[in-house]
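Working notes for the structure below.
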Amino acid sequence: MIWLDTLVQGILLGGLYALFAAGLSLVFGIMRLVNLAHGDLIVFAAYLVLMGVTLLGLSPWVAALVAMPLMFFIGWLLQTAVLNRVLGKDILPPLLVTFGLSVALQNGLLEAFSADSRRIPAGPLEGASLDLGLVTVGVMPLLTFASAVLAIVALNGLFYHTALGRAFRATSDDAVTAGLMGIEPKRIFAVATGIAMVVVTIAALYLGMRSNFDPAIGPARLIYAFEAVIIGGLGSLWGTLAGGVIIGVAQTFGAAVNPEWQILAGHIAFLVVMLLKPRGLFPRAVD
Amino acid sequence: MLLQTHGLTANYGQFRALFGVDIAVAAGECVAIIGANGAGKSTLMRSITGVIRNEPGMVLHRGAPIGALSSAEVMKRGIAMVPEGRRLFPSLTVEENLQIGGQVRKAPGPWDLDAIYDLFPILRERRRNPGTALSGGQQQMVAIGRALMSNPELLLCDEISLGLAPVVIRDIYTALPRIRAGGAAIVLVEQDIGKALAVADRVYCMMEGRVTLVANAAEVSRQQIHAAYFGEAA
Chain C
3 MIWLDTLVQG
13 ILLGGLYALF
23 AAGLSLVFGI
33 MRLVNLAHGD
43 LIVFAAYLVL
53 MGVTLLGLSP
63 WVAALVAMPL
73 MFFIGWLLQT
83 AVLNRVLGKD
93 ILPPLLVTFG
103 LSVALQNGLL
113 EAFSADSRRI
123 PAGPLEGASL
133 DLGLVTVGVM
143 PLLTFASAVL
153 AIVALNGLFY
163 HTALGRAFRA
173 TSDDAVTAGL
183 MGIEPKRIFA
193 VATGIAMVVV
203 TIAALYLGMR
213 SNFDPAIGPA
223 RLIYAFEAVI
233 IGGLGSLWGT
243 LAGGVIIGVA
253 QTFGAAVNPE
263 WQILAGHIAF
273 LVVMLLKPRG
283 LFPRAVD
Chain S
1251 MLLQTHGLTA
1261 NYGQFRALFG
1271 VDIAVAAGEC
1281 VAIIGANGAG
1291 KSTLMRSITG
1301 VIRNEPGMVL
1311 HRGAPIGALS
1321 SAEVMKRGIA
1331 MVPEGRRLFP
1341 SLTVEENLQI
1351 GGQVRKAPGP
1361 WDLDAIYDLF
1371 PILRERRRNP
1381 GTALSGGQQQ
1391 MVAIGRALMS
1401 NPELLLCDEI
1411 SLGLAPVVIR
1421 DIYTALPRIR
1431 AGGAAIVLVE
1441 QDIGKALAVA
1451 DRVYCMMEGR
1461 VTLVANAAEV
1471 SRQQIHAAYF
1481 GEAA
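Quick mapping for you: the protein sequence lines, in order, are chains C and S. In the working numbering, each residue's number is its place in the first sequence (first place is 1) plus 2. In the working numbering, each residue's number is its place in the second sequence (first place is 1) plus 1250.
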């Protein structure tokens, strides 16, 4: 029974990792850009939500709703003012720029909020649990997982059933020909990064409510997100969810064996998948 | 004039591909641009559509300088392109490939999904297929339909018969009069001189980055074409 419990906890934890990863997956799928500041942007958004709660007295949910358009704008601005200038055939400049942004964000947050551990207060939800008969699950992990599934359903709907999604896919296929259709690839990229930042805000909300955070934890979140994207197959959103779940399950099983093995087990699962399926579980046909 | 190039030059790095090209297209007109491989025809198309950027005054649309605009801005002015090699979007179905052509600019006019499917009925059957799962000829039909979806004033067709079987080329050329009847001016870039002359009002011949002949398609002689095409005295 303990193993079933561990499995369920792992799957639910995977929801959090999928939320970390969904924005990264979207941006990579559209513009082949790996944003090394992704984890730090999650932490930044967590502080934004925290400020909404502490300074404005909002509930975390409302604070996240308020933070979403703000984060969309930040993503749009980041892409327009910085990342669009370095995107090109060479993949190194965007890596260097986002790495620099990551360092700057961490230090900026350290200046603004100190190194103290913070948490977004979630009230009675924090400890609430649901008895499902065989297993008991926390309400918060359940909400996280449900949000991850919803976010991925929404992103997939956007990607495959809207005019904007059509423009995303066309630009990803062939930016020059997309230009001949009247589409400005750089504007499409800016909107995509904006949307990724909205998902980042959701990830930040759960990150901040479920555990303590401080300005230095971004890079580790990036690693989990990156592993989830790679396991799932580059550019596949459902694959990203599967990747998150695999890391989550590996981590909870690792922790069940020995608490020191939690993080290590996640990374080992990643390496095993890479050995067996170097292109990930659900690689897109085109690439 | 609907479209004019004025002393248009273009370079690929050190290599100069166009040396002061002047062409003009009137509204509703069908103009053929012929020339051998490497004559600069595709470079001319890429310069007009903003894939290659130039000085503003080198390309004029209704007298306004558009030489320095992006492809998207040029397209929004009503200049649509059927690119060489068709360039369908592999991630999109046939129908989505068509829809994306009229997604940003949709001028009033005869062309919509139904009209395209009437023009090329086979596409209606294949509309749920990925664009790249079609035969070359069908892909060319999608590429033409995609460019028509915005109801352009000017349709640039770059090598639409290249690599296709004669019977397929005939099907595609049969559609051109119907496209003209819809009101769009057409620029046909072709290596197949006979096909081009049969549908065009006027013909430009290019060689080594220069225009070597401008003529009325109905009156031009084989000798004139031969001289302009190969650069030999007739």
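Glycine is no exception: its CB is placed at the ideal position from the N, C-alpha and C atoms.
CB of residue i within 8 Å of CB of residue j, strictly
{"i": "A1260(S)", "j": "S1297(S)", "result": "yes"}
{"i": "F22(C)", "j": "I44(C)", "result": "yes"}
{"i": "L160(C)", "j": "L166(C)", "result": "yes"}
{"i": "L1438(S)", "j": "A1448(S)", "result": "no"}
{"i": "I1284(S)", "j": "Q1441(S)", "result": "yes"}
{"i": "V36(C)", "j": "L107(C)", "result": "no"}
{"i": "E1334(S)", "j": "G1317(S)", "result": "no"}
{"i": "A65(C)", "j": "I204(C)", "result": "no"}
{"i": "V1324(S)", "j": "V1392(S)", "result": "no"}
{"i": "R1396(S)", "j": "I1350(S)", "result": "yes"}
{"i": "L1398(S)", "j": "I1429(S)", "result": "yes"}
{"i": "L85(C)", "j": "T195(C)", "result": "yes"}
Limits of the unbroken beta strand (DSSP E) element including residue i
{"i": "G1285(S)", "result": "C1280 to G1285"}
{"i": "G140(C)", "result": "T138 to G140"}
{"i": "E1440(S)", "result": "A1435 to E1440"}
{"i": "N1261(S)", "result": "L1258 to Y1262"}
{"i": "F272(C)", "result": "Premise fails: F272(C) lies in the alpha helix (DSSP H), Q264 to L278, not in any beta strand (DSSP E)."}
{"i": "R1430(S)", "result": "No beta strand (DSSP E) contains R1430(S), which is instead part of the alpha helix (DSSP H) from P1416 to A1431."}
{"i": "K132(C)", "result": "Residue identity differs from the one stated: residue 132(C) is Leu in this sequence, not Lys. L132(C) -> beta strand (DSSP E) spans S131 to D133."}
Buried versus exposed call for residue i [16 or more other C-beta atoms within 10 Å across all chains shown]
{"i": "G234(C)", "result": "buried"}
{"i": "P261(C)", "result": "exposed"}
{"i": "A148(C)", "result": "exposed"}
{"i": "I4(C)", "result": "exposed"}
{"i": "P1340(S)", "result": "buried"}
{"i": "N1287(S)", "result": "exposed"}
{"i": "Q1264(S)", "result": "exposed"}
{"i": "I1436(S)", "result": "buried"}
{"i": "D1408(S)", "result": "buried"}
{"i": "R1336(S)", "result": "buried"}
Paired residues, beta bridge with residue i - DSSP
{"i": "M1457(S)", "result": "R1460(S)"}
{"i": "V1332(S)", "result": "C1407(S)"}
{"i": "H1311(S)", "result": "L1253(S) and A1314(S)"}
{"i": "P1380(S)", "result": "T1343(S)"}
{"i": "V1271(S)", "result": "L1258(S)"}
{"i": "A1465(S)", "result": "V1453(S)"}
{"i": "R120(C)", "result": "F215(C)"}
{"i": "R1266(S)", "result": "N1261(S)"}
Euclidean distance between Cα positions of residue i and residue j
{"i": "V288(C)", "j": "E1403(S)", "result": "Low confidence applies here, because V288(C) scores a pLDDT of 49, under 50, leaving its location unreliable; read the following figure in that light. When rounded, the distance between both Cα atoms is 34 Å."}
{"i": "L6(C)", "j": "V137(C)", "result": "7 Å"}
{"i": "L1414(S)", "j": "V10(C)", "result": "57 Å"}
{"i": "L185(C)", "j": "S131(C)", "result": "Residue 185(C) is actually Ile in this sequence, not Leu. In a straight line, the C-alpha of I185(C) is about 48 Å away from that of S131(C)."}
{"i": "M1251(S)", "j": "Y1367(S)", "result": "31 Å"}
{"i": "L243(C)", "j": "Y226(C)", "result": "12 Å"}
{"i": "R1452(S)", "j": "T1462(S)", "result": "14 Å"}
{"i": "E113(C)", "j": "I122(C)", "result": "19 Å"}
{"i": "A1484(S)", "j": "C1455(S)", "result": "Interpretation of A1484(S) is limited by its pLDDT of 47, a score under 50 that renders its predicted location unreliable; the figure taken from the coordinates is listed afterwards. Cα to Cα, A1484(S) sits roughly 15 Å from C1455(S)."}
{"i": "G129(C)", "j": "R281(C)", "result": "39 Å"}
{"i": "L1268(S)", "j": "G1459(S)", "result": "4 Å"}
{"i": "R1377(S)", "j": "A258(C)", "result": "52 Å"}
{"i": "Q253(C)", "j": "V141(C)", "result": "20 Å"}
{"i": "Q1353(S)", "j": "R171(C)", "result": "14 Å"}
{"i": "F30(C)", "j": "A150(C)", "result": "18 Å"}
{"i": "Q81(C)", "j": "A218(C)", "result": "23 Å"}
Terminal residues of the alpha helix (DSSP H) in which residue i lies
{"i": "H40(C)", "result": "H40 to L58"}
{"i": "F22(C)", "result": "I4 to M33"}
{"i": "Q1390(S)", "result": "G1386 to L1398"}
{"i": "F191(C)", "result": "P187 to R212"}
{"i": "L1338(S)", "result": "Taken as a continuous stretch (DSSP letters only), L1338(S) belongs to no alpha helix (DSSP H), as it is neither H nor E."}
{"i": "E229(C)", "result": "G220 to G234"}
{"i": "Q253(C)", "result": "L239 to V259"}
{"i": "R1296(S)", "result": "K1291 to I1298"}
{"i": "V1324(S)", "result": "S1321 to K1326"}
{"i": "D175(C)", "result": "A165 to D175"}
{"i": "A1477(S)", "result": "R1472 to F1480"}
{"i": "T100(C)", "result": "L94 to F115"}
{"i": "V1301(S)", "result": "From DSSP, V1301(S) is part of no alpha helix (DSSP H); its letter is neither H nor E."}
{"i": "E1375(S)", "result": "P1371 to E1375"}
{"i": "M73(C)", "result": "P62 to L80"}
Chain-ordered residues of the segment 1450-1478 of chain S with a beta carbon less than 9 Å from chain A:
Looking for chain A here will not work: the only protein chains present are C and S.
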